[in-house]
Amino acid sequence: MTTSLKAGPASLTSKPPEAPGSTLSLHRPVSRHDGSPGVAPHFVTAAFEGPLELLLQLIRANRVEIYNIPIAEITEQYLAALERMEDLDLGVAGEYVLIAATLIEIKSRMLLPQPQLDETDGDAEDPRAELVARLLEYQQFQAPVETLRTWEAERRAIFFREAMDVASDYMLPLAQGEVEVSQLFQALHRLLSDAGVDEAPVTAVTPRKRLSLRMKMMEVVRRLARAGESGVPFSSLFELPCARYEIVLTFLALLELLKLGKARATQLEIHDEILVFAYSRDEIAGVR
Amino acid sequence: MQAALEALLFVSGEPVPAADLARALLAEEHIVEAALRELQERLAEQEGGIQLLRIANGWQLATRPEHEEVIARLGAKAASRLSRPALETLAIIAYRQPITIPEIDAVRGTSASGVIKTLLERRLIVEAGRRPTPGRPALYTTTQDFLHYFAISDLSELPPLETSPTPAPVPAEAVADGRAAVPAED
Chain C
1 MTTSLKAGPA SLTSKPPEAP GSTLSLHRPV SRHDGSPGVA PHFVTAAFEG PLELLLQLIR
61 ANRVEIYNIP IAEITEQYLA ALERMEDLDL GVAGEYVLIA ATLIEIKSRM LLPQPQLDET
121 DGDAEDPRAE LVARLLEYQQ FQAPVETLRT WEAERRAIFF REAMDVASDY MLPLAQGEVE
181 VSQLFQALHR LLSDAGVDEA PVTAVTPRKR LSLRMKMMEV VRRLARAGES GVPFSSLFEL
241 PCARYEIVLT FLALLELLKL GKARATQLEI HDEILVFAYS RDEIAGVR
Chain H
1001 MQAALEALLF VSGEPVPAAD LARALLAEEH IVEAALRELQ ERLAEQEGGI QLLRIANGWQ
1061 LATRPEHEEV IARLGAKAAS RLSRPALETL AIIAYRQPIT IPEIDAVRGT SASGVIKTLL
1121 ERRLIVEAGR RPTPGRPALY TTTQDFLHYF AISDLSELPP LETSPTPAPV PAEAVADGRA
1181 AVPAED
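So the protein lines, in turn, are chains C and H. 268 is the number that my numbering gives to position 268 of the first sequence; each next residue is one higher, with no gaps. 1127 is the number that my numbering gives to position 127 of the second sequence; each next residue is one higher, with no gaps.
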């Protein structure tokens, strides 16, 4: 009793004053006193993924039911495990301390005299109930994790055509003929370099023209409407040579129209010209 | 039909839904489905280098696992394995999606934010809107790439969660898998 309370959260912040035995011994027996049935668990893993996993491992190692955790014992083993983690300088995160505090609280509540608990429906009064629920919920996911692990291994043994591609070329599945944003972006880049804007001096003074995105959108919509079924090739939306902001504005207008569903872009083959269409005549009439 | 299907699947570098194949073949979807299954069987029987998989809501040709070593020697390399915390987080998201980070943390008893970043980078999960509660936490769901990463067709292939006294959302098609650690109630 006293030993486990001494190893409470307060001592976790600093090195225990009397580190018993060798500091690095992983296999130090955990329960030092009382002839409990629980075998001292030996852990090969130094770090746990979280406090609940540590707790589950202790429960498994002790071969006890989650529903009927021997709190005093488990608490002591849990605290001992934390101490070992400290000894190994792994650093004990706050979340471990939190569960330690919960365990100690449950333990103290279990010491208080209580009315006889009924095995079947006494759960509500059992101070362990909340922790048990959490452990069960956490445990639920352990089997799926193993399944995923197996699937992952099996999947690694097979290869797909895309897997041979350069990683950056991987594109999300897209319905045939639709245009990816990156393709539009590439088209814009081609256009900008065609316009030679990259070489233009930064200090160049461009005559100020009143232009807004809205105006540009209307202009594009009109052009698309005029082209009708045949569509407008992407590059001819831009009248070269023109200023960089003109290209950018037209491009933004196009993106906006695509987003609003007032225009549609298709590309029949890779590296083909992207064709832009007005979405439908009714829609065009609605644009102002 | 089977030959045409094989050609279509060979050309495609990604899983193709049966509906898309049907459209290309100008055929009814259920006929295409049947032909796909036949092709799958035929490829399995002839034990060649290729198999047909039902994966990520579609169909895709893949190499047979026996040839892993040969392919690896050619220089194809797979992405690094996922860590245990990553798999655990992914499992929780898969069963409880859409879900927020605090909800995942509550189940795992530890912080998942670092793991979430990795999963997002690998496109196994995606942010899908925000919960309209204070702080508007982001909601996460699994992706097509998730299905592809584990070579499954859809989420219903995930094993049912073991039953627990706290009612947890279990996939509708969940069936008892006979390894429930929890004693049956009532």
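By construction, the Cβ of each residue, glycine as well, lies at the ideal position given by its N, Cα and C atoms.
Exercise for review: Below 8 Å on the Cβ atoms is my guess for L1119 (chain H) versus L1090 (chain H); work out the distance and round it to an integer in Å.
Suggested key: The residue given as residue 1119 (chain H) occupies position 119 in the second sequence. The residue given as residue 1090 (chain H) occupies position 90 in the second sequence. Their Cβ separation, rounded to whole angstroms, is 6 Å, which keeps L1119 (chain H) and L1090 (chain H) in contact under 8 Å.
**Study point:** Sequence-distant residues of its chain with Cβ nearer than 6 Å to A1019 (chain H) (five each side left out)
**Key:** Against the second sequence, residue 1019 (chain H) aligns to sequence position 19. Cβ within range, chain order: E1029.
**Study point:** Extent of the continuous beta strand (DSSP E) to which Y1140 (chain H) belongs
**Key:** Residue mapping note: residue 1140 (chain H) aligns to position 140 of the second sequence, counting from 1. A1138 to T1142 is the span of the beta strand (DSSP E), which, as asked, contains Y1140 (chain H).
Exercise for review: With a cut-off of 8 Å on the beta carbons, I'd call V1115 (chain H) and I1092 (chain H) a contact; round off their distance for me.
Suggested key: Position 115 of the second sequence holds residue 1115 (chain H). Position 92 of the second sequence holds residue 1092 (chain H). V1115 (chain H) to I1092 (chain H), Cβ: 10 Å. No contact.
Check your understanding: Span of the beta strand (DSSP E) holding G1129 (chain H)?
Key -> As a working note, residue 1129 (chain H) is residue 129 in the second sequence. Run containing G1129 (chain H): I1125 to R1130, per the beta strand (DSSP E) assignment.
**Study point:** Proximity test, Cβ basis, 8 Å: L148 (chain C) and chain H
**Key:** The sequence position of residue 148 (chain C) within the first sequence is 148, counting from 1. Answer yes: the Cβ-Cβ gap between L148 (chain C) and chain H drops below 8 Å somewhere.
Point to revise | Opening and closing residue of the alpha helix (DSSP H) in which A80 (chain C) lies | key: One-based indexing of the first sequence puts residue 80 (chain C) at position 80. I71 to D87 is the extent of the alpha helix (DSSP H) around A80 (chain C).
Review point. For V30 (chain C), does the three-state DSSP call read helix, strand or coil?
Key: The residue given as residue 30 (chain C) occupies position 30 in the first sequence. In this prediction, V30 (chain C) has a pLDDT of 39, which is less than 50 and means its spatial position is unreliable; what the coordinates show is noted afterwards. Correct three-state label for V30 (chain C): coil.
Check your understanding: How many whole angstroms separate the CB atoms of I1050 (chain H) and L1039 (chain H), which I take to be in contact at a CB cut-off of 8 Å?
Key -> The residue you call residue 1050 (chain H) lines up with position 50 of the second sequence. The residue you call residue 1039 (chain H) lines up with position 39 of the second sequence. Contact flag wrong, Cβ pair sits at about 10 Å.
Point to revise | 4 or more residues per run - each alpha helix (DSSP H) lying fully within the segment 1026–1066 of chain H | key: 1029–1046
Practice item. Show which residues of chain C have a CB atom less than 9 Å away from the CB atom of V1107 (chain H). Key: Numbered from its first residue, the second sequence carries residue 1107 (chain H) at position 107. Those within 9 Å of V1107 (chain H) in chain C are L52, R134, E137, Y138, Q140 and F141.
Point to revise | Chain-ordered chain C contacts of L1161 (chain H) [CB-CB under 9 Å] | key: Start at 1 with the first residue of the second sequence, and residue 1161 (chain H) comes out as number 161. Neighbours of L1161 (chain H) on chain C, chain order: Q140, F141, A143 and P144.
Review point. Quick one: does I1188 (chain H) have its CB under 8 Å from some CB of chain C?
Key: There is simply no residue 1188 (chain H) to check, as chain H begins at 1001 and stops at 1186 in what is shown.
**Study point:** Straight-line Cα distance separating A1094 (chain H) from A1112 (chain H)
**Key:** Here residue 1112 (chain H) is taken as the residue at index 112 of the second sequence, counted from 1. Here residue 1094 (chain H) is taken as the residue at index 94 of the second sequence, counted from 1. When rounded, the distance between both Cα atoms is 15 Å.
Practice item. Take the Cβ of D87 (chain C) as the centre, count every other Cβ of all protein chains shown within 10 Å, and call the residue buried at 16 or more, exposed below. Key: In the first sequence, counting from the first residue as 1, residue 87 (chain C) sits at position 87. Buried.
Review point. What residues in the segment 1114–1134 of chain H bring their beta carbon closer than 9 Å to a beta carbon of chain C?
Key: R1123
Review point. What is the DSSP secondary structure of R952 (chain H), counted as helix, strand or coil?
Key: There is no way to answer for residue 952 (chain H), as the model of chain H reaches only from 1001 to 1186.
Exercise for review: Using a Cβ cut-off of 8 Å, pull out every chain C residue sitting near Q1040 (chain H), in sequence order please.
Suggested key: Taking the second sequence and counting its residues from 1, one reaches residue 1040 (chain H) at position 40. Under the 8 Å cutoff, chain C gives no residues; its nearest Cβ is about 14 Å from Q1040 (chain H).
Exercise for review: Give a yes or no on whether 8 Å exceeds the smallest Cβ distance from P1102 (chain H) to chain C.
Suggested key: In the second sequence, the residue the question calls residue 1102 (chain H) occupies position 102. P1102 (chain H) does not count as touching chain C.
Point to revise | Helix, strand or coil at A1004 (chain H) according to DSSP, with G and I counted as helix | key: Counting from 1 along the second sequence, the entry for residue 1004 (chain H) is found at position 4. If DSSP states are grouped into helix, strand and coil, A1004 (chain H) belongs with the helices.
Exercise for review: Can you have a look at S1012 (chain H) and say buried or exposed, based on whether 16 or more other CB atoms are within 10 angstroms of its CB?
Suggested key: Counting from one through the second sequence, the residue named residue 1012 (chain H) turns up at place 12. Result: buried.
Check your understanding: Apart from the five residues on each side of it in sequence, which residues of its chain come closer than 6 Å, Cβ to Cβ, to Q186 (chain C)?
Key -> Translated into the one-based positions of the first sequence, residue 186 (chain C) becomes position 186. Correct list: empty, nothing qualifies.
**Study point:** Cutoff 8 Å; reference A1022 (chain H); Cβ partners in own chain excluding five residues on either side
**Key:** Counted from its first residue, the second sequence places residue 1022 (chain H) at position 22. Only E1028, E1029, I1031 and V1032 meet the Cβ criterion.
**Study point:** V221 (chain C), DSSP secondary structure in three states
**Key:** Residue mapping note: residue 221 (chain C) aligns to position 221 of the first sequence, counting from 1. Helix.
Review point. Under a CB-based cut-off of 8 Å, is L1008 (chain H) close to chain C?
Key: If you number the second sequence from 1, residue 1008 (chain H) lands on position 8. Not one chain C Cβ lies under 8 Å of L1008 (chain H).
Exercise for review: Name, in chain order, the residues that DSSP records as bridge partners for A61 (chain C).
Suggested key: Counting from one through the first sequence, the residue named residue 61 (chain C) turns up at place 61. Note: A61 (chain C) sits in no beta bridge, so no partner.
Point to revise | Rounded separation between E1045 (chain H) and P1065 (chain H) - CA only | key: The residue labelled residue 1045 (chain H) in the question sits at position 45 within the second sequence. The residue labelled residue 1065 (chain H) in the question sits at position 65 within the second sequence. C-alpha separation (whole angstroms): 15 Å.
Check your understanding: Are there three or more Cβ pairs, one per stretch, closer than 8 Å when the segment 230–239 of chain C is compared with the segment 259–276 of chain C?
Key -> yes
Exercise for review: Give the straight-line distance between the Cα atoms of E105 (chain C) and D126 (chain C), rounded to the nearest whole angstrom.
Suggested key: Residue mapping note: residue 105 (chain C) aligns to position 105 of the first sequence, counting from 1. Residue mapping note: residue 126 (chain C) aligns to position 126 of the first sequence, counting from 1. The alpha-carbon atoms of E105 (chain C) and D126 (chain C) are separated by roughly 12 Å.
**Study point:** Run of the beta strand (DSSP E) containing A1079 (chain H), from where it starts to where it stops
**Key:** Within the second sequence, numbered from 1, the residue matching residue 1079 (chain H) stands at position 79. No beta strand (DSSP E) holds A1079 (chain H); DSSP gives it neither H nor E.
Review point. So with Cβ pairs under 8 Å, would you call F160 (chain C) a contact of chain H?
Key: For the purposes of this step, residue 160 (chain C) is identified with residue 160 of the first sequence, where counting begins at 1. Yes, F160 (chain C) lies at the interface with chain H (some Cβ there is under 8 Å from its Cβ).
Check your understanding: Are any of the Cβ atoms in chain H nearer than 8 Å to that of I99 (chain C)?
Key -> By one-based count along the first sequence, residue 99 (chain C) stands at place 99. So yes, I99 (chain C) belongs to the interface.
Practice item. Run down chain H in chain order and give the residues with a C-beta less than 8 Å from the C-beta of E239 (chain C). Key: Here the question's residue 239 (chain C) lines up with position 239 in the first sequence. Going along chain H, no residue has its Cβ under 8 Å from E239 (chain C), so there is no contact; the nearest lies around 37 Å.
Exercise for review: For A157 (chain C), decide whether its Cβ has a neighbour in chain H, counting only Cβ atoms nearer than 8 Å.
Suggested key: Within the first sequence, residue 157 (chain C) is the residue found at index 157, counting from 1. Yes, contact with chain H.
**Study point:** Rounded C-alpha distance that separates P1132 (chain H) from E1006 (chain H)
**Key:** Within the second sequence, numbered from 1, the residue matching residue 1132 (chain H) stands at position 132. Within the second sequence, numbered from 1, the residue matching residue 1006 (chain H) stands at position 6. Cα to Cα, the separation comes out at about 47 Å.
Check your understanding: T1110 (chain H) and E49 (chain C): beta carbons closer than 8 Å?
Key -> Residue mapping note: residue 1110 (chain H) aligns to position 110 of the second sequence, counting from 1. Residue mapping note: residue 49 (chain C) aligns to position 49 of the first sequence, counting from 1. The answer is yes: Cβ separation under 8 Å.
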